[in-house]
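>
There are 2 protein chains.
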Amino acid sequence: MIKSMPGVKQPIVYILDDDPAVRDSLSSLLRSVGLQASVFASVTEFQQTSLAAVPSCLILDVRLQFANGLDFHRQLVAEGIDLPVIFITGHGDIPMTVKAMKSGAVDFLAKPFREQDLLDAIALALQKAEQRLAASSVSDALRNCFASLTNREQQVMRMAVSGLLNKQIADQLNLSLITVKIHRGNMMKKMQARNFAELVRMAEQLSLNKA
Amino acid sequence: MIKSMPGVKQPIVYILDDDPAVRDSLSSLLRSVGLQASVFASVTEFQQTSLAAVPSCLILDVRLQFANGLDFHRQLVAEGIDLPVIFITGHGDIPMTVKAMKSGAVDFLAKPFREQDLLDAIALALQKAEQRLAASSVSDALRNCFASLTNREQQVMRMAVSGLLNKQIADQLNLSLITVKIHRGNMMKKMQARNFAELVRMAEQLSLNKA
DNA sequence: GATACCACTATACCAAGGTATATAGATAAA
DNA sequence: TTTATCTATATACCTTGGTATAGTGGTATC
């Protein structure tokens, strides 16, 4: 059903539930469809694990022994860990569902649920994870390029993409025109921008205008 | 509580519910906090109304007499009518809630709910409506500028922001260099772009690269 | 037929961008 | 000490962008 494609790494489904029976049944369900599962009994146990750099999602019980799944989800989001989350719960209600979905959960399943519903949710979550991974790897590459610039080159890039002429940049930085041109040329090479339009779009992705 | 600010038009809250008692109680609740309400008993009645160009949201009953609120919401989204929607229902369950939230609803309230919860949801919805309105008015202005360009000028703009040199544009369009320069100059004036970087960002907003 | 708009071209000129070569001071690492 | 990197500058040269002026031809509107 789920084939291992060349180039795309094997996805991982994390399961965080304090009930051993649930952990077992879920992980065996996942294995039966060829998905790799990784189970955790507590928030602390999960936090001690470093997440693999593959498309992954988290199946999260709302009511954990020592924690609230919703709060933990919000904490993950606040920490910038963008892991698609699927909630499962035995004691759900509508306000809880709304809260979970507002926080960005992919799905919210009340027990008992159909296995297929969970598998569908996982498929969607992993798809989102792949997209985010692809997007972040692009912007990672961009950030690396930008970080490889010297301070001056970064300054010149910011000012250039904001629309300033070389002459204006030179005035504001108290430099000669030729110096600005050279910084600009080096910057374009390091950023691997084939033309100025491309550079402007890179700056947009890096949100250089805002910061 | 909700003051009429100068410059910001009076928001409208649409109410679509087939129960007259609900319509009455909701609209009097809204009026009591100074909000303008506009009530509808059926989907057809709502569709016959042209929406005002002010921040607005829709309070939508899930179970209507001749229609499904969730489906109607999806239809609105599909038609590009981006009106923040708050669902209310007397017979809700978790899957229904998930479906509504996935479609982009602002909130989902099961009766009986606290009045304050609804008012909070409305405040959030109207805030979103304002943001969308502001964003769309900006891109409307941009689209008007772009539409005011002649065909040639649009072509030249697309090619310029994709990074092509005037010479390359001239070759591809079988024009002389000077003709391209003139189209480009006229285009910059009409787009009110102060520099090329700004033009690239305008093109991004118009998503000229995709289409 | 006059007017307006669009598209296209040419000449001429100036401003701006970009590169190569060469030089030089400052600083930090091997 | 040598090496490397960053910073800054100058001269020279070429390409590209942009504008003004002037003119041609087509099309549509009044």
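The listed protein sequences correspond, in order, to chains A and B.
Take any residue in the first sequence, note its place counting from 1, add 8, and you have its number in my numbering.
Take any residue in the second sequence, note its place counting from 1, add 8, and you have its number in my numbering.
Cβ coordinates follow ideal geometry from the N, Cα and C atoms, glycine included.
The structure presented is a predicted model; accordingly, all values stated were derived computationally and were not measured.
1) Please look up how many angstroms separate the CB atoms of Thr97 (chain B) and Asp69 (chain B), rounded, as I've assumed it's under 8 Å.
2) Enumerated in chain order, which unbroken segments of the alpha helix (DSSP H) with a length of 4 residues or greater are wholly contained in the segment 21–99 of chain B?
3) Does any CB atom of chain B fall closer than 9 Å to the CB of Phe204 (chain A)?
4) Less than 9 Å between the C-beta atoms of Ala220 (chain B) and Val21 (chain B), yes or no?
5) Which whole-angstrom value is the C-beta distance of Ser35 (chain B) and Val51 (chain B), which I expect to be below 8 Å?
6) One question on the structure: do Ser147 (chain B) and Gln213 (chain B) come within less than 9 Å of each other, judged by their Cβ atoms?
7) Among the residues of its own chain, which have a CB less than 7 Å from the CB of Leu134 (chain B), if the five just before and after it don't count?
8) List the residues of chain B that Asp69 (chain A) touches, going by C-beta distances under 8 Å, in chain order.
9) Using the DSSP secondary-structure output, state which residues sit across from Leu117 (chain B) in a beta bridge.
10) If the cut is a Cβ gap below 8 Å, which residues of chain B does Arg209 (chain A) touch?
11) CB Ala205 (chain A) to CB Val169 (chain B), shorter than 9 Å?
12) Does Leu157 (chain B) come out as helix, strand or coil in the three-state DSSP assignment?
13) Count the other CB atoms, across all protein chains shown, that sit within 10 Å of the CB of His191 (chain B); report buried if there are 16 or more and exposed otherwise.
14) Any Cβ of chain B within less than 9 Å of the Cβ of Lys11 (chain A)?
15) Is there at least one Cβ from chain B nearer than 9 Å to Met248 (chain A)'s Cβ?
16) Tell me where the alpha helix (DSSP H) around Gln176 (chain B) begins and ends.
17) Taking buried to mean at least 16 other C-beta atoms within 10 Å of its own C-beta, is Leu84 (chain A) buried or exposed?
18) Assign Gly112 (chain B) to one of three DSSP states: helix, strand, or coil.
19) When you check each C-beta in the segment 89–102 of chain A against every C-beta of chain B, which residues fall closer than 8 Å?
20) Please tell me whether Lys110 (chain B) has its Cβ less than 9 Å away from any Cβ of chain A.
21) Determine the direct distance from the alpha carbon of Thr57 (chain B) to that of Gly112 (chain B), and round the result to whole angstroms.
22) Kindly indicate if chain A contains any beta-carbon less than 9 Å away from that of Val30 (chain B).
23) What residue range is occupied by the uninterrupted alpha helix (DSSP H) comprising Asn194 (chain A)?
So, to answer that:
1) Here residue 97 (chain B) refers to the residue found at position 89 when the second sequence is read from its first residue. Here residue 69 (chain B) refers to the residue found at position 61 when the second sequence is read from its first residue. At roughly 7 Å, the Cβ-Cβ gap stays under 8 Å, so Thr97 (chain B) and Asp69 (chain B) are in contact.
2) If only complete runs of 4 or more residues are kept, the segment 21–99 of chain B shows the alpha helix (DSSP H) at 28–40, 51–55, 77–86, in order along the chain.
3) If you number the first sequence from 1, residue 204 (chain A) lands on position 196. Chain B contact via Cβ: present.
4) This structure leaves residue 220 (chain B) out entirely; chain B is present only between 9 and 219.
5) Taking the first residue of the second sequence as position 1, residue 35 (chain B) is located at position 27. Taking the first residue of the second sequence as position 1, residue 51 (chain B) is located at position 43. The Cβ separation is near 18 Å, so there is no contact.
6) What you label residue 147 (chain B) is simply residue 139 of the second sequence in a count that begins at 1. What you label residue 213 (chain B) is simply residue 205 of the second sequence in a count that begins at 1. Contact check for Ser147 (chain B) against Gln213 (chain B) passes: the beta carbons are separated by less than 9 Å.
7) Looking up residue 134 (chain B) in the second sequence gives position 126. Counting only Cβ-Cβ distances below 7 Å, and skipping sequence neighbours, we find Pro19, Pro63, Cys65.
8) Locating residue 69 (chain A) in the first sequence gives position 61, counting from the first residue. What Asp69 (chain A) touches in chain B: nothing, since even the nearest Cβ is about 15 Å away.
9) The residue you call residue 117 (chain B) lines up with position 109 of the second sequence. Beta-bridge pairing links Leu117 (chain B) to B:Ile96.
10) As a position in the first sequence, residue 209 (chain A) is number 201, starting the count at 1. Result: Val208, Glu212.
11) Within the first sequence, numbered from 1, the residue matching residue 205 (chain A) stands at position 197. Within the second sequence, numbered from 1, the residue matching residue 169 (chain B) stands at position 161. Inclusion of Ala205 (chain A) and Val169 (chain B) in the CB contact set at 9 Å is warranted, their separation being smaller than that value.
12) Along the second sequence, read from residue 1 onward, the residue named residue 157 (chain B) stands at position 149. In the structure shown, Leu157 (chain B) sits in coil (DSSP, three-state: anything other than H, G, I, E or B).
13) Locating residue 191 (chain B) in the second sequence gives position 183, counting from the first residue. By the neighbour-count rule (16 or more Cβ atoms within 10 Å), His191 (chain B) is buried.
14) As a first step, residue 11 (chain A) is located in the first sequence; it is residue number 3 there, counting from the start. With a pLDDT of only 47 at Lys11 (chain A), under the threshold of 50, the placement of this residue in the model should not be trusted; the figure read from the coordinates follows. By this cut-off, Lys11 (chain A) is not an interface position.
15) In this structure chain A extends from 9 to 219, so residue 248 (chain A) is not present and cannot be described.
16) What you label residue 176 (chain B) is simply residue 168 of the second sequence in a count that begins at 1. Unbroken alpha helix (DSSP H) run through Gln176 (chain B): 174–181.
17) Residue numbering aside, residue 84 (chain A) sits at position 76 when the first sequence is read from its first letter. Per the 10 Å Cβ criterion, buried.
18) Your numbering for residue 112 (chain B) matches position 104 in the second sequence. Three-state DSSP puts Gly112 (chain B) in coil, outside helix and strand.
19) Gly100, Asp101, Ile102
20) On the second sequence, position 102 is the one that residue 110 (chain B) refers to. Judged by the 9 Å Cβ criterion, Lys110 (chain B) is in contact with chain A.
21) By one-based count along the second sequence, residue 112 (chain B) stands at place 104. By one-based count along the second sequence, residue 57 (chain B) stands at place 49. The alpha-carbon atoms of Gly112 (chain B) and Thr57 (chain B) are separated by roughly 22 Å.
22) In the second sequence, residue 30 (chain B) corresponds to position 22, counting from 1. Not closer than 9 Å to any Cβ of chain A, the Cβ of Val30 (chain B) fails to qualify, so no.
23) To locate residue 194 (chain A), count along the first sequence from 1; it is residue 186. Counting along the chain, the alpha helix (DSSP H) containing Asn194 (chain A) begins and ends at 185–199.
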